[in-house]
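Right, one structure below, let's go through it.
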Amino acid sequence: MWSAIKRFAAAILITPLLVFAGVFAWLAGAGTKPSPEAFLVGSVLLVVVGIPIVLISCAIYICLALVIIPVDMCIAKVRRFRQRSRRH
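Written out as structure tokens, the structure is:
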């Protein structure tokens with residue numbers, strides 16, 4: 001169970017880093033001069049980078065919630081069952 005929680009926490013920690021990468025891409029596109037063209041390029045980069053970040057993060061969370069955590073719980077139950085059967 002703890003390994004699944006650690007994986008989930010890692011996914012939660014990775015998401016802000018990915019969002020920061022999107023913001024950095026937006027700032028890099030905008031540059032130091034506040035021209036409308038640079039702002040448009042930066043906004044497009046933010047959308048192009050930001051949408052995949054959100055989709056990947058959602059996929060990670062759904063995968064963790066629906067697959068990894070229940071499988072980890074089943075593995076833990078099997079381990080407990082084996083320990084009980086060894087004692088008796």
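In terms of the numbering used here, the sequence shown has 12 at position 12, counting the first letter as 1, and numbering is strictly consecutive.
We put the CB at the ideal spot given by N, CA and C, even for glycine.
Whether residue i touches residue j by CB criterion (8 angstroms)
{"i": "L18", "j": "S57", "result": "yes"}
{"i": "V67", "j": "A21", "result": "no"}
First through last residue of the alpha helix (DSSP H) which encompasses residue i
{"i": "V78", "result": "69 to 87"}
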